[in-house]
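First up is the structure itself, then whatever we jot down about it.
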C-alpha cells in the first residue's frame with residue numbers, strides 16, 4: 001500500500017448488531033518488529049468482516065492471538081463486551097471462537113471421527129469410551145451434512161481429497177455454539193466446486209448470527225461475502241470500509257497495487 005494512504009473508518013449504522021469480538025489497542029511485538037500495533041477493531045454478530053493486507057502486514061499474528069496460539073503484549077480482547085484473555089486454543093473454544101486455518105490442522109493418520117473431535121472436551125473426559133457411540137453418530141451426521149465423500153467415518157483423513165479434508169475441518173469448527181469464526185484463506189487450493197461450497201458455509205455462519213473474520217486475498221470472494229473490509233498495513237489498521245460501490249473500487253486498486261492515494 002502506498003505510504004501514508006488511509007481509508008476512513010466505517011461508522012456503525014443505526015441498528016447495527018452489537019460486536020461479539022472487540023479488540024482495543026492490541027499490540028504484539030517480536031524482537032526488532034511490532035507485528036500488531038494498537039489494533040482497534042469490532043467484529044459484529046451476523047457480519048463477515050474481511051481482514052485484507054499484503055504478506056507481512058500482521059494478519060497471521062492477529063489470527064494467532066484471537067485463536068489463543070499467542071497472547072498480546074498490550075491491549076484487550078473483549079467477547080460480548082467483557083474482557084476475556086485467550087490464554088490457549090482450548091480457552092478460545094470454551095468462549096466460542098473457532099478457527100479454520102489456511103493449512104489443515106488435522107492429523108492425517110487419525111480417522112474422521114477422531115479429527116472431528118480433536119481438542120474438544122470429549123478428549124478430556126475420563127468416560128470418553130462410554131460416549132464413543134454418540135460421538136460416532138455425530139460424526140456420521142457431519143459427514144452427511146457437510147457432504148464429506150468417504151465410505152466411512154473411520155477412514156483416516158490422510159486418504160481423503162483436499163476438498164474433503166477442508167470439509168472435515170469445517171465440520172469440526174462450525175458448531176451451533178460457536179460465537180465467532182475466523183477463516184484464514186479457507187478456499188486456498190480448492191477446486192471450483194469446493195470453493196463455492198466453502199463460501200456458502202461462510203455466508204451461512206454469518207446468517208445464523210455468528211461473527212465472522214475472513215482473511216482472503218481473492219477479490220471476488222471479498223466482494224461476494226464481506227460486509228466490511230479492514231485494510232491492514234505494517235501492523236496497523238489503516239482504515240475500515242463498508243462493502244459498497246466506492247469501497248469495491250478502492251479494494252480493487254489496493255489489491256492490484258495501482259492505487260495512488
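Numbering (UniProt numbering), first residue to last: 1 to 261. Backbone N, C-alpha and C fix where the C-beta goes; we use that ideal spot for every residue, glycine too.
What's the C-alpha gap between residue 180 and residue 65? What you label residue 180 is simply residue 180 of the chain shown in a count that begins at 1. What you label residue 65 is simply residue 65 of the chain shown in a count that begins at 1. The alpha-carbon atoms of residue 180 and residue 65 are separated by roughly 14 Å.
Looking at the ligand MG, does it come within less than 7 Å of residue 59, judged from the CB to the closest heavy atom? Among the components modelled here there is no ligand, and therefore nothing to report on the ligand MG.
From this set, 244, 232 and 227, which residue's C-alpha is nearest residue 16's C-alpha? The residue you call residue 16 lines up with position 16 of the chain shown. Put simply, of 244, 232 and 227 the residue whose alpha carbon is nearest the alpha carbon of residue 16 is 227.
Please go through the same chain and pick out, in chain order, the residues whose beta-carbon is closer than 6 Å to the beta-carbon of residue 118, but skip the five residues on each side of it. By 1-based counting over the chain shown, the position of residue 118 is 118. For residue 118, same chain residues with a beta-carbon under 6 Å away, outside a window of 5 residues either side, do not exist.
If you follow the beta strand (DSSP E) that residue 97 is in, where does it begin and where does it stop? For this step, residue 97 is matched to residue 97 along the chain shown. Per DSSP, residue 97 belongs to the beta strand (DSSP E) from 97–100.
Simplified DSSP assignment, three categories, for residue 5: Indexing the chain shown from 1 puts residue 5 at position 5. Because the pLDDT of residue 5 is 44, which lies under 50, any placement of that residue in the model is unreliable, and the number read from its coordinates should be weighed accordingly. Residue state, collapsed to three classes: coil.
Would you mind reading off the limits of the alpha helix (DSSP H) that contains residue 166? Taking the chain shown and counting its residues from 1, the one referred to as residue 166 is at position 166. Note, residue 166: alpha helix (DSSP H), 162–173.
Looking at the C-beta of residue 31, does it have a partner C-beta in chain D at a distance below 8 Å? Annotation note: the requested chain D is absent from the structure, which comprises a single protein chain.
Note down, in chain order, each residue of its chain lying with its Cβ closer than 6 Å to the Cβ of residue 38, except the 5 sequence neighbours on either side. Here residue 38 refers to the residue found at position 38 when the chain shown is read from its first residue. The answer, listed in chain order, is 25 and 27.
Taking all protein chains shown into account, do 16 or more other C-beta atoms lie within 10 angstroms of the C-beta of residue 261, making it buried, or fewer, making it exposed? Numbered from 1 along the chain shown, position 261 holds the residue referred to as residue 261. Unreliable positioning characterises residue 261 in this predicted model, as indicated by a pLDDT of 44, which lies under 50. The coordinate reading is nonetheless provided below. Exposed is the call here.
Measure the alpha-carbon distance for residue 53 versus residue 101 and round it to whole angstroms. For the purposes of this step, residue 53 is taken as the residue at position 53 of the chain shown. For the purposes of this step, residue 101 is taken as the residue at position 101 of the chain shown. Looking at the two C-alpha atoms, the distance is approximately 17 Å.
In the DSSP assignment, what residue or residues form a beta bridge with residue 184? As a first step, residue 184 must be located in the chain shown, where it is residue number 184. DSSP output for residue 184 lists 215 as bridge partner(s).
Assigned exposure category for residue 173 - 16 Cβ within 10 Å defines buried: Taking the chain shown and counting its residues from 1, one reaches residue 173 at position 173. The residue in question, residue 173, is buried, as its Cβ has 16 or more Cβ neighbours within 10 Å.
Just confirm the distance between the C-beta atoms of residue 42 and residue 19, as a whole number of angstroms; I'd bet it's less than 8 Å. Translated into positions along the chain shown, residue 42 becomes position 42. Translated into positions along the chain shown, residue 19 becomes position 19. Yes, residue 42 and residue 19 are in contact; Cβ-Cβ is about 4 Å, under 8 Å.
Any 3 or more C-beta pairs closer than 8 Å across the region 160–175 and the region 184–191: Yes, since at least three Cβ pairs between the region 160–175 and the region 184–191 fall closer than 8 Å, the two stretches touch.
Looking only at its own chain, which residues have a Cβ that is under 7 Å from the Cβ of residue 91, when we skip the five neighbours before and after it? Here residue 91 refers to the residue found at position 91 when the chain shown is read from its first residue. Excluding positions up to five away in sequence, the list reads 68.
Is the beta carbon of residue 211 closer than 8 Å to that of residue 57? Position 57 of the chain shown, counted from the start, is the residue given in the question as residue 57. Position 211 of the chain shown, counted from the start, is the residue given in the question as residue 211. No, Cβ-Cβ distance for residue 57 and residue 211 is not below 8 Å.
Residue 233 versus residue 47: straight-line alpha-carbon distance, rounded: Taking the chain shown and counting its residues from 1, one reaches residue 233 at position 233. Taking the chain shown and counting its residues from 1, one reaches residue 47 at position 47. Rounded to the nearest whole angstrom, the C-alpha separation of residue 233 and residue 47 is 22 Å.
Using a 10 Å radius around the Cβ and a threshold of 16 neighbouring Cβ atoms, would you call residue 33 buried or exposed? Here residue 33 refers to the residue found at position 33 of the chain shown. Burial call: exposed.
Length of the line joining the Cα atoms of residue 31 and residue 175: As a first step, residue 31 is located in the chain shown; it is residue number 31 there, counting from the start. As a first step, residue 175 is located in the chain shown; it is residue number 175 there, counting from the start. Cα-Cα distance, rounded: 38 Å.
Could you check what DSSP says for residue 16 in three-state terms: helix, strand or coil? What you label residue 16 is simply residue 16 of the chain shown in a count that begins at 1. Coil.
Could I get the ranges of all uninterrupted alpha helix (DSSP H) runs contained in the region 127–154, with 4 residues as the minimum, in chain order? Counting only runs of 4 or more, we get 132–145.
Taking just the CA atoms, how far does residue 146 sit from residue 139? What you label residue 139 is simply residue 139 of the chain shown in a count that begins at 1. What you label residue 146 is simply residue 146 of the chain shown in a count that begins at 1. Residue 139 and residue 146: Cα-Cα distance of roughly 10 Å.
From 215, 249, 107 and 162, pick the residue whose C-alpha is nearest to that of residue 194; which is it? For the purposes of this step, residue 194 is identified with residue 194 of the chain shown, where counting begins at 1. Per the Cα distances, 162.
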